[in-house]
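Okay, so the sequence shown: first residue is 497 according to the numbering used here, each after it adds one. In this text, a Cβ means the ideal position worked out from N, Cα and C, and glycines have one as well. Values in this document were obtained by computation on a predicted structure and should not be read as measured data. Structure record follows, encoded as structure tokens.
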Amino acid sequence: MIEMKSYRVFLRFIFIATILTKGISPVQAQSGDQILDGIGETGMIARYVFNGDLKDWSRNNLHATAGQNATFINDKRFGKVLSLSGEKNDFVQIPADALTDMESLSISGWVYLRSEKKGQVVFDFGKDMHKHFFAAPSGTNLQEGFQSLITAGKNNQKGAVSPALALNKWVYLTIVVDIPAKTMVTYVDAVPVGESKQIPRELTEVFGSSGDKNKLYIGKSLLAGSPAFDGMLHDFRIYRVPLSKNQLTAIYSNSQRGVSNRAVNVTKVEDNLPEFPLTRAQLYNAYLLAVPDVQVETALGDLPRLPSYVQGTYKEDIVGPKVRVLWPSPNDNSTVLEAGRYTITGRVPGTDLQPKAIVTVKPSKTTAAPRLKLATFGLNQVSLQADAQNQQTKFIENRDKFIKTLATTDPNSFLYMFRDAFGKPQPEGTKPLGVWDSQDTKLRGHATGHYLTAIAQAYASTGYDKTLQANFAEKMTYMVNTLYELAQLSGNPQQAGAVGTADPTAVPYGPGKSAYDSDLSREGIRTDYWNWGVGYISAYPPDQFIMLEKGAKYGGQKTQVWAPYYTLHKILAGLIDIYEVSGNEKALQVATGMADWVYARLSKLPKETLIQVWNTYIAGEFGGMNETMAHLYRITHKEHYLKTAQMFDNIDMFFGNAQHAHGLAKNVDTFRGLHANQHIPQIVGSIELYQVSDLPEYYRVADNFWYKAVNDYMYSIGGVAGARNPANAEVFTAEPATLYENGFSEGGQNETCATYNMLKLTGNLFLFDQRAEYMDYYERGLYNHILASVAENTPANTYHVPLRPGSIKQFGNPNMTGFTCCNGTAIESGTKLQHSIYFKSKDDQALYVNLFISSTLEWTERQITVTQKTSFPKQDETELTIKGNGQFDLHVRVPGWATKGFYVTINGKEEKVQAQPGTYLKLSRNWKNGDRVTLKMPFQFHLDPVMDQQNIASLFYGPILLAAQEPEARKDWRKVTLDAKDISKSITGDPQQLAFKIDGVDFKPFYDTYGRHSVYLDVTLK
Ligand SMILES: [Zn+2]
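Spelled out as structure tokens, the structure:
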């Protein structure tokens, strides 16, 4: 999900121009607050403009409160600004938990000082006068000048010191605490004035890890008896990233214009990744002699799918891996519009080799796509089990963190904003959720959708504990009954004889209003549900949907929206999940009622309007509405749901344009530079649309997208976004296969819900085409991102997973009380960890073993039970025991990483098999009760390099990503030297514990890493 934010529009024009010069079509240009000032929006913690209120303009709802007084006065330069009088109780306080989960910290804001009293502070954040971070503009009793200090209690520190701030003048103050660089730098009007190297090693030493004991004051000191701040403040911001000089200069120059919509020039953000000379050896490429040309065929109009990896030849008996070749990636299909032959020249990073692809364009067009062959098992058919040593597995640990906490949640909290929208009273003691479901937040209700799915999955998954299962059954019924009752009210007169508006397309303005608006405040929200059209359900009135159709943009104003269909998708998907696991007909009725409402409205819009709406940045984000509507069609067979699903086609991305000239359907990369998690669910929808419509274009959209996403945009944990260029942590890099050049955003990488959606897409594609590479990816993402995204002792979980040197994971939402998008998908991931271990053929003649996880499968359709017992990945083998009798094909995955062999025994007797890594091995047999199949696949160490800078690589042991355990933050990549002929010679340790050492540094699985880590290393081979 994309985040909401303060300002509004702007950069569209400039940004389009920038992109055009880079040769990308303008349809891909995105603008929005995220790239304002060239800082990813997730980098911001809070922003107080102070133009008349104390609201946080960021998406985080960290609204401030006033001490006794907070006065706003008119200023010549900035309009309304905050004025603090210097009186004792005249200050502003920020919510205590604002300063948690930070790698680094930057503060910026306009300050106008009216007094030179020593000891007054612009801000003072911390626990007490020993553990705090403050800025004293005219010094303290102990220190002359402008002093800024961050301390965890050590004595005699000066902090950063410079001349006192000028009086009676606006100055732009910036303080950057850069933990990896171990510096604090103060700036006045974007010029550095002071620096300190005496800073804490981690910000948790100052602010703790929960943050709730902190006092965060603006204008008031934590030191008793100090004078209060006498002056004015404007546009005070807190960032969780260390602002670079370029960034803070951009903020400075932009904010001099005040809070306006003026376009600003966005230059490429400061590139602070180390650069390497072209002569620097890049792993095995230093030993590379040649890479052969490849022959590729393609159909007329389809860009060829070029192999990302080609077998090269190496010198000095080096057995190198396949060679990554970087091919050009055109923006349309003009090269393949005529049959014939043409040549594409690729390159190999760190070499001057130029392998060629000779492409034959066949005269015919592609017509077919694979049919659905497999089906998944119900979550109630597969259960996780202890490992071969009877120890809990990481999967069980994480499942239990989520299930146990979910069981304690109050459904009324998740219904709060729905009742609020319908003007209904809250049951006594009900607490609303926070974060993106707060009163004023235009995305409220999104967590409820995730919650519906999570409790449905938890219900299906807890057959092992009837009490828990009953708990979730009760929650499901209660949630559905309440939503059903509310939905019944929509469009119906309050009482006999009163008026109502049943027609979804005739919804009038709210009572007393002269326009549709998105005002959700207690005072401003409309609750006239009788006018909303029949079937309507959401946690806000229908205005946002209507405004979007009329061209409303994303933003915080009443005239703007967030992403109404994104939220709706979660709610509908959750209702359908409940229907599917429990047969609750009311859940289906609420879903179809709202789906009918959507159809009524969207079917009246011209296609051009729909294209425009879905291309509206953020506002047009619709999650997987296409998937959900296609799913409803599959359940109900009602044609208009299929039509509605297709109204959500992202035509530009899928098909290039309204004429379907190219796009992903013809293998053109139309998603470079786009927001990752806005678009991945649309692709999940595309595969569902193929399933119900048989239109092969939809299949090819999904298949082509997957191949490109995994080959050209993937980090080693399986995540796919985090662009430095364009500067937004949530988007795909500006060009494919340029992670080093354009990725590794300082604001983070690997939005966790993007990987959740990638796994969903991957599993679905495998049901059509049983390519082992799909489940290889699934395994990678499951172990190294999803499993790795959860806190050690609670279900708190990650948003981004940063992979820069010495990064640390930040976990949020331990008590399930305030959800971002990633906290939402986390409760879904955590309740279906067993989902893809096994699949079966639709006709129940074949079983697929995809993952090696201790578990039991009840294949009820065949009256067969399969028990898988293993300590994988702390053991490189697994054993399947079959209960029951019958002939079927057992397809077992031979992982792509299993290059040291794959050995099968049945009932203790070794089978002669030809098992190629990256395939499925078929074992056909008339299986007998008690048959035991053992699969052994020795692990080996291997490197997974960044495609365009191969010496920067991750270390894997089998499927498991190993992270260097870092003692402290760092700026540079950790350097390791490994034996070129056999890297395992340079690594010691215990495979059964997955604990290793290289040059004295500890490595362990990333999924078991909670401290600072280096997932990418600067590797030299010798
Ligand atoms: Zn997310």
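Cβ-Cβ separation, residue j to residue i (assumed contact under 8 angstroms), whole Å
| i | j | result |
| --- | --- | --- |
| G1392 | A1250 | Rounded, the Cβ-Cβ distance is 22 angstroms, inconsistent with contact. |
| Q953 | K1328 | 5 angstroms |
| A656 | S634 | That pair is no contact at about 15 angstroms. |
| N710 | A592 | 5 angstroms |
| G930 | T1063 | About 16 angstroms separates the two Cβ atoms, so there is no contact after all. |
| L1457 | V1511 | 7 angstroms |
| V673 | S604 | With a Cβ gap of about 12 angstroms, V673 and S604 do not count as contacting. |
| K811 | L785 | 5 angstroms |
| V1109 | E1045 | 6 angstroms |
| Q1521 | E1354 | The question about residue 1521 has no answer, for the chain in this structure spans 497 to 1518. |
| Q922 | S1017 | Contact doesn't hold; Cβ gap of about 17 angstroms is too wide. |
| Y1195 | A865 | 4 angstroms |
| P1369 | T1395 | Not confirmed; about 16 angstroms, so no contact. |
| A1449 | V1515 | 5 angstroms |
| D798 | T862 | 6 angstroms |
| N1173 | I1213 | The Cβ separation is near 15 angstroms, so there is no contact. |
Close-in-space but distant-in-sequence residues of the same chain around residue i (CB under 7 angstroms, 5 per side omitted)
| i | result |
| --- | --- |
| G519 | Residue confidence for G519 is low, a pLDDT of 32 falling below 50, so the modelled location carries little weight and cannot support an answer. |
| N1238 | A1219, R1220, N1221, T1229, A1230, E1231 |
| A950 | L902, I1323, E1324, T1327 |
| Y1503 | K890, Y1279, N1280, L1283, A1284 |
| Q564 | N585, D586 |
Contacts around residue i, its chain only, beta-carbon distance under 6 angstroms, and the 5 residues preceding and following it disregarded
| i | result |
| --- | --- |
| H696 | Reading the sequence as shown, one finds Pro at residue 696 and not His. The residues are A648, V702. |
| Y1075 | A1083, L1084 |
| L1068 | A1087, T1124 |
| P1209 | The question names Pro, but residue 1209 in the sequence shown is Tyr. These residues qualify, in order along the chain: V1216, F1228. |
| V689 | S658, T682 |
| V760 | For V760, the pLDDT reaches just 33, beneath the cut-off of 50, and the residue's location in the model is therefore unreliable, leaving the point undetermined. |
| R837 | T856 |
Neighbour flag for residue i against chain C, beta carbons, 8 angstroms
| i | result |
| --- | --- |
| A969 | Checking the listed chains, one finds no chain C in this structure; it contains a single protein chain. |
Enclosing beta strand (DSSP E) for residue i [first to last residue]
| i | result |
| --- | --- |
| T856 | 852 to 858 |
| S879 | 878 to 880 |
| V495 | The requested residue 495 is not part of the displayed model; the chain covers only 497 to 1518. |
| R1466 | First-last for R1466: undefined, no H or E at that position. |
| L1419 | 1415 to 1423 |
N- and C-terminal bounds of the alpha helix (DSSP H) containing residue i
| i | result |
| --- | --- |
| G1259 | 1248 to 1264 |
| W606 | Here W606 belongs to no alpha helix (DSSP H); instead the beta strand (DSSP E) covers 601 to 609. |
| H1136 | 1135 to 1143 |
| K1204 | 1192 to 1208 |
| K1103 | 1103 to 1110 |
| F1492 | F1492 -> not in any alpha helix (DSSP H); beta strand (DSSP E) instead, spanning 1491 to 1494. |
| E612 | Segment: none, E612 is in no alpha helix (DSSP H) and carries neither H nor E. |
| T901 | 890 to 904 |
| K741 | 741 to 751 |
| I1179 | 1172 to 1189 |
| L1513 | Note, L1513: premise wrong, no alpha helix (DSSP H); beta strand (DSSP E) at 1513 to 1517. |
| N1122 | 1121 to 1132 |
| A1284 | Premise fails: A1284 is in no alpha helix (DSSP H) and is neither H nor E. |
Beta-carbon contacts of residue i that lie in its chain and below 8 angstroms, excluding the five residues immediately before and after
| i | result |
| --- | --- |
| K852 | D789, V790, T839, I840, T841, G842 |
| K1518 | T1473, L1474, D1475, A1476 |
| A871 | L1263, F1335, K1336, S1337, K1338 |
| I1519 | Only positions 497 to 1518 of the chain appear in this structure, which leaves residue 1519 out of reach. |
| L796 | V832, L833, E834, A835, V857, K858, P859, S860, K861 |
| L1513 | I1448, A1449, S1450, L1451, A1460, W1469, R1470, K1471, V1472 |
(message) To test your reading of the DSSP string, which unbroken alpha helix (DSSP H) runs of 4 or more residues are found completely within the region 1040 to 1086?
(response) 1060 to 1078
(message) Using only Cβ atoms and a threshold of 7 angstroms, which residues come within that distance of a heavy atom of ligand 1? Order them by chain position.
(response) For ligand 1, the selected residues are M497, N1173, E1247, T1248, C1249, A1250, Y1295, T1316, C1317, C1318, T1321.
(request) Only counting runs of 4 or more residues, tell me where the alpha helix (DSSP H) segments fall wholly within the region 1314 to 1353, in order along the chain. (result) 1317 to 1325
(request) Write down every uninterrupted run of the beta strand (DSSP E) in the region 918 to 969 whose length is 3 residues or greater and which is fully enclosed by it, in chain order. (result) none
(message) If we require 3 or more residues per run, which beta strand (DSSP E) segments fall completely within the region 782 to 864?
(response) The beta strand (DSSP E) runs lying completely inside the region 782 to 864 and spanning 3 residues or more are 784 to 786, 790 to 795, 836 to 841, 852 to 858, given in chain order.
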